[in-house]
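Participant: If you're matching positions, the sequence shown starts at 631 in my numbering and goes up one per residue.
Supplied in structure tokens, the structure appears directly below.
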Amino acid sequence: MRRHSRLILASTTAALLGFSLTACAPASSDGSATPAPSPSSSPATSPSPTSADRVVEISVDGLSVDDGAVVAYDDPDGAVNALTDAFGSAPTEGPVEGPYGAVYSGYDWQGTKATVRETRIDLVVSTDAPGVIFRTPEGIGIGSTRAEAMAAGAADGWDEDGDGVADYLSIGVREVPGTSSLVNPGEVGVEYIDLKITGDVVSRLSTGGNDFSDI
């Protein structure tokens, strides 16, 4: 099935909501804000997990910690509890401004921001924290290369700067019955994990990507 173009509104909205937590909530618990990677910098490659690391796997189904049970994104309390357990500390909490005047609940751990919109939680991961490593079921995480992501089944997404090379990739793409794609009329909509690419490596993972919702 050809899907060379993706509707990026839904995934970028989730990412922007995550980033807005920096401005709307107190600084992270260590007193410092996590800077966004600049276009000229390359994020540090995720280390290989050790026996002491907690591994958080994020997929279109939900998240799991250390190969445990999957917690669905429509169970925000369960997701927050699972992440709190993985990080070993409670998040910084604060409001997140959404579209049309909406205000959502935001949770901030080192390198990870979570936003609860109504009954669903969306995650934006920009760095791994000490002792906590994020990855997709395909093994793609912060610092994975574009080539590794494509080899694992990722597809080109949004070309943000218009240079002909996708700045966002979609991985774990899955059809969602009962939805209609706004990108490919007449086709079933899809959902996916969004990968931001900086300097040909993955610099951010975001949940909630799809091509059938415009908010």
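Cβ atoms here follow ideal geometry from the backbone N, Cα and C, with glycine treated the same way.
Bear in mind that the values here come from a model prediction, so they are computed numbers and not experimental data.
Scan the region 723 to 810 and note each continuous beta strand (DSSP E) run of 3 residues or more that stays entirely inside, going in chain order.
Facilitator: 733 to 739, 742 to 747, 750 to 755, 762 to 765 and 798 to 810, all fully within the region 723 to 810.
Participant: Where does Ala-655 sit, in a helix, a strand or coil, going by DSSP?
Facilitator: Residue confidence for Ala-655 is low, a pLDDT of 39 falling below 50, so the modelled location carries little weight and cannot support an answer.
Participant: Cβ atoms of Asp-683 and Gly-594: under 7 Å apart, would you say?
Facilitator: The structure shown has nothing for residue 594, since the chain only spans 631 to 845.
Participant: May I ask you to list the residues that DSSP assigns as paired with Tyr-822?
Facilitator: Answer by DSSP bridge pairing, in chain order: Gly-839.
Participant: Could you tell me if Ala-759 is buried or exposed, where buried requires 16 or more neighbouring beta carbons within 10 angstroms of its beta carbon?
Facilitator: Buried: at least 16 other Cβ atoms inside 10 Å.
Participant: Starting from the C-beta of Val-733, find all residues in its chain whose C-beta is less than 8 Å away, skip the five residues before and the five after it, and write them out in chain order.
Facilitator: These residues qualify, in order along the chain: Pro-725, Val-726 and Glu-727.
Participant: DSSP on Asp-830, reduced to helix/strand/coil?
Facilitator: Reduced to three states, the DSSP call for Asp-830 is coil.
Participant: Taking the CB atoms as reference points, tell me whether Val-700 and Asp-707 lie closer together than 7 Å.
Facilitator: No, these two residues do not count as a Cβ contact at 7 Å.
Participant: Which residue wins for smallest C-alpha separation from Ser-801, given the options Glu-768, Ser-735, Val-818 and Asp-844?
Facilitator: First, the amino acid is wrong: residue 801 is Ile here, not Ser. Closest option to Ile-801, Cα to Cα, is Glu-768.
Participant: Is the beta carbon of Tyr-822 sitting closer than 7 Å to the one on Arg-750?
Facilitator: Contact flag unset, no.
Participant: Around the C-beta of Ser-622, are 16 or more other C-beta atoms found within 10 angstroms, so that it is buried, or is it exposed?
Facilitator: Nothing about residue 622 can be read from this structure; the chain reaches only from 631 to 845.
Participant: Exposed or buried, what is Asp-850 when buried is set at 16 or more other beta-carbons lying within 10 Å of its beta-carbon?
Facilitator: A query on residue 850 cannot be resolved here, the shown segment of the chain reaching from 631 to 845 and no further.
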